[in-house]
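This report refers to the structure that appears directly beneath it.
2 protein chains.
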Amino acid sequence: MADTDVMDETVEHLHLAGCKNVAPVLNRVGDKWSMLIVMVLATGSRRFNELKREIDGISQRMLTRSLRGLERDGLVNRTVTPSIPPRVDYKLTELGESIREPVKALGDWAIEHIDCIRAAQERYDAREED
Amino acid sequence: MADTDVMDETVEHLHLAGCKNVAPVLNRVGDKWSMLIVMVLATGSRRFNELKREIDGISQRMLTRSLRGLERDGLVNRTVTPSIPPRVDYKLTELGESIREPVKALGDWAIEHIDCIRAAQERYDAREED
DNA sequence: CTGTATCCATGTCGATACTG
DNA sequence: CAGTATCGACATGGATACAG
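These protein sequence lines map, in sequence, to chains A and B.
For the first sequence, the numbering used here begins at 1 and goes up steadily by one.
For the second sequence, the numbering used here begins at 1 and goes up steadily by one.
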């Protein structure tokens, strides 16, 4: 099972040993821009400023940071064409493609239950303001 | 389609209109403790300190906050028994149960691809330190 | 065009102390 | 037992300026 030293403590009460593996993924999925970028790139490769225009609201800094994160995790591929002006293209890797399905499942769940959630929130908030 | 006023701007370049709905869910799913709590509660109702012991590493503050968030979103039900000492039980609602499947799908993806991700990260980090 | 560097505001998380 | 209150450390995100 390779030398993953994640079992350093005997995780007594957690059958959730894999959680240490899941957490970083949840972190990336849960961040503000990454999955949005993935969804845009799902429709085809883009250049930096194409993404910036298309995502609408993202700052240059956050686009760079998000892309670097996705690239580091192997979800996005970055190709530099050293021309003048320079050209950089981003596209999903196979790994990046493969995450779309589970993320979409979550997105579908969210859309399907959003009314239920909002109703719960309103009920909760109503009870607080007494 | 109900009066969801989320189409206030003509979302030209986004077929991702539902994103405003998905974001809050991603936020909850992506946070550090919420899904861990859901997974524990999936095996049965718990009291506050049972959760605290079982989650291991969570602070009292974060457990309270996470449970409040989950309760507000309608994923968790809180039942107070005004005895001495007081007793409070938490259990998943139907909505809470229903989110387990898509979250598990994402968890399975993470576990399945963790080696690939780590490899990509090491490759990336190796290239940075030159 | 594609970034990097700074600065700053805000949010998240944890430790600790205290309460009914 | 089941919280609330407070504080401080740290991470995240945005605005702006600058650079190859």
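Built from N, CA and C at the ideal position, the CB exists for glycine as well.
| field | Below-9 Å beta-carbon distance, residue 101 (chain B) vs any chain A residue | value | Cβ-Cβ to chain A under 9 Å: yes for residue 101 (chain B).
| query | How many whole angstroms separate the CB atoms of residue 89 (chain B) and residue 47 (chain B), which I take to be in contact at a CB cut-off of 8 Å? | reply | With a Cβ gap of about 6 Å, residue 89 (chain B) and residue 47 (chain B) count as contacting.
Can a CB atom of chain A be found closer than 9 Å to the CB of residue 47 (chain B)? By the rule that beta-carbons nearer than 9 Å mark a contact, residue 47 (chain B) does not touch chain A.
Subject >> Start-to-end residues for the beta strand (DSSP E) that takes in residue 92 (chain B) >> reply: Boundaries of the beta strand (DSSP E) around residue 92 (chain B): 87-92.
- Measure the CB-CB distance between residue 113 (chain B) and residue 67 (chain A) and report whether it falls below 9 Å. Not a contact, by the Cβ cut-off of 9 Å.
Is there a C-beta anywhere in chain B that falls below 9 Å from the one on residue 24 (chain A)?
Closer than 9 Å to some Cβ of chain B, the Cβ of residue 24 (chain A) qualifies, so yes.
Pick helix, strand or coil for residue 64 (chain B), following the three-state DSSP scheme.
Helix at residue 64 (chain B).
Inset, instruction - Identify each residue in the region 31-65 of chain B for which the Cβ-Cβ distance to at least one residue of chain A is less than 9 Å, and report them in chain order. - result: Listed by position along the chain: 31, 32, 35, 36, 39, 40, 43, 53, 54, 55 and 56.
task: Step through the CB atoms of chain B and report whether any lies within less than 9 Å of the CB of residue 90 (chain A).
output: Closer than 9 Å: no.
Q. Who pairs with residue 80 (chain B) in a beta bridge, going by DSSP?
A. Per DSSP, B:88.
Beta-carbon separation (whole angstroms), residue 132 (chain A) vs residue 22 (chain B), contact threshold 8 Å: Here chain A covers residues 1 to 130 and nothing more, so residue 132 (chain A) does not appear.
- Task: Measure the C-alpha to C-alpha separation of residue 65 (chain A) and residue 124 (chain B) and round it to an integer number of angstroms.
- Result: Just so you know, the alpha carbons of residue 65 (chain A) and residue 124 (chain B) end up roughly 14 Å apart.
Exercise for review: Please classify residue 45 (chain A): is it buried, with 16 or more other beta-carbons within 10 angstroms of its beta-carbon, or exposed?
Suggested key: Residue 45 (chain A) comes out exposed.
Review point. Once you ignore the five residues that flank residue 131 (chain A) on each side, which residues in its own chain have a CB closer than 7 Å to its CB?
Key: Given a span of 1 to 130 for chain A in the structure shown, any question on residue 131 (chain A) remains unanswerable.
Which residue's Cα is closest to the Cα of residue 97 (chain A): A:62, A:50, A:70 and A:127? Considering only alpha carbons, the answer is A:70.
Limits of the alpha helix (DSSP H) - the one that residue 20 (chain A) falls within:
Per DSSP, residue 20 (chain A) belongs to the alpha helix (DSSP H) from 19-30.
**Asked** What does residue 126 (chain A) reach in chain B if we use C-beta pairs closer than 9 Å?
**Response** Those do not exist, as residue 126 (chain A) stays about 11 Å from chain B at its closest Cβ, beyond 9 Å.
Q.
When you compare the CB positions of residue 29 (chain A) and residue 30 (chain B), do they come within less than 9 Å of one another, or not?
A. Yes. Within cutoff.
Point to revise | Beta carbon proximity, residue 98 (chain B) to chain A, threshold 9 Å | key: True, the Cβ-Cβ gap to chain A drops below 9 Å.
Between the beta-carbon of residue 74 (chain B) and the beta-carbon of residue 60 (chain A), is there less than 9 Å?
The answer is no: Cβ separation not under 9 Å.
Nonlocal neighbours in the same chain, by C-beta distance under 6 Å from residue 77 (chain B), ignoring five residues either side:
Scanning its chain for C-beta atoms nearer than 6 Å, with the 5 sequence neighbours on each side dropped, one finds around residue 77 (chain B) the residues 91 and 93, in chain order.
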